[in-house]
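Here's the structure, in structure tokens; my notes come after.
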Amino acid sequence: MSISHTDVGDNLRKIVILGRLDLEGTKSVAGELETLAAAPKKGVVVDVSSLKFLASLGIRALLKSAQAVAARGGRMVLVVGTNAQVVMSLEATGVSNLLPMFESNAEAERAAVA
Amino acid sequence: MHNGTDTDTQVETLAIAASGEEIRRACAWLAAALRQRDVPDPRVEHLELALHEVLANVLAHGGSAARAEPIGICIEVRQKATTGEARVEVRDAGLPFDPTGAPEHAPARTLAEAPLGGWGLPLIRRCSDWMSYRRDGGRNHLVFGARWPKL
């Protein structure tokens, strides 16, 4: 399980999560995700396209961060690539209607700072 | 074990303690056992996620009784001539809970009003072709599974 980030200029933060967002995996990265998403950037892109597993607790962590970003006037979006399992989890819970998802980084970055 | 001429049925069981690490072990065990029995990958991924959510729910809401006794998991894979079927049974000693009749929360209209929970049940339902529940001998018995056609 790993989480990393890159800042692109003053307005955008990109976060990449790798591994399994199951019960154990989420426990290990949820705090850092919240901290990273709390940075005063307009847009936050979270790349979950290489996740091997996205469980309800992982979805909760993503939503919580997205709500915090929105509460300070920013926007958090997801990069899902062609990861069918991740897309299925987000669609099954209806979270795909609340958290914008994009196949590519470029689309996601544009949407995050629009 | 073999059961009849056109059906091959194989059964495997596992007992785990109620903990996050054990849930991960159970998911890995399930995925390996299903793949070994030629269950198609998308079905394996769905059943693995469903099992994770069922076990996480037991851990979160089953109470002290759920954590005091092992959780039993039994998988059964049936390969027939034209279809395959995988069945997963989870037995726990936690508080009675019937997910087949539990309501899901209404879809949130905005991000701000989205609840931070209640996502497990929709995942279990989406990842299973069927689900049944009974309370017997002081234990919850939840069965779910998937079917697939053979080409």
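These protein sequence lines map, in sequence, to chains A and B.
For the first sequence, counting from 1, position 51 maps to 50 in numbering that gives the first Met the number 0; every step adds exactly one.
For the second sequence, counting from 1, position 62 maps to 61 in numbering that gives the first Met the number 0; every step adds exactly one.
Even for Gly, the Cβ is constructed at its ideal location relative to N, Cα and C.
Following the DSSP letters along the chain, one finds B/TRP118 in no beta strand (DSSP E), marked with neither H nor E. At least one CB of chain B lies nearer than 8 Å to the CB of A/GLY93.
CA-CA distance, A/ALA107 to A/LYS40, rounds to 15 Å. The beta-carbon distance between A/ALA54 and B/HIS51, rounded to whole angstroms, is 5 Å. This is short enough to meet the 8 Å contact definition. Taking one beta carbon from each stretch, the stretch 123-139 of chain B and the stretch 83-100 of chain B have 3 or more pairs nearer than 8 Å; the two touch. Put simply, the stretch 107-123 of chain B does not touch the stretch 63-70 of chain B. Fewer than three CB pairs are less than 8 Å apart. Look at B/HIS60: its C-beta is not under 8 Å from any C-beta on chain A.
About 6 Å separates the beta carbon of B/PHE143 from that of B/ALA49, a gap short enough to meet the 8 Å contact definition. Rounded to whole angstroms, the separation of the alpha carbons of A/ALA91 and B/TRP147 is 20 Å. With fewer than 16 other CB atoms across the displayed protein chains lying within 10 angstroms of its CB, A/ARG71 is exposed.
Counting only runs of 3+ residues, the beta strand (DSSP E) found wholly inside the stretch 1-49 of chain A occupies 1-7, 11-20, 42-46, in chain order.
Across the set A/LEU77, A/GLY24, A/SER1, the C-alpha of A/LEU77 shows the shortest separation from the C-alpha of A/ALA111.
Scanning chain B for C-beta atoms nearer than 8 Å to the C-beta of A/LEU97 yields ALA107, THR109, LEU110, ALA113, reported in chain order.
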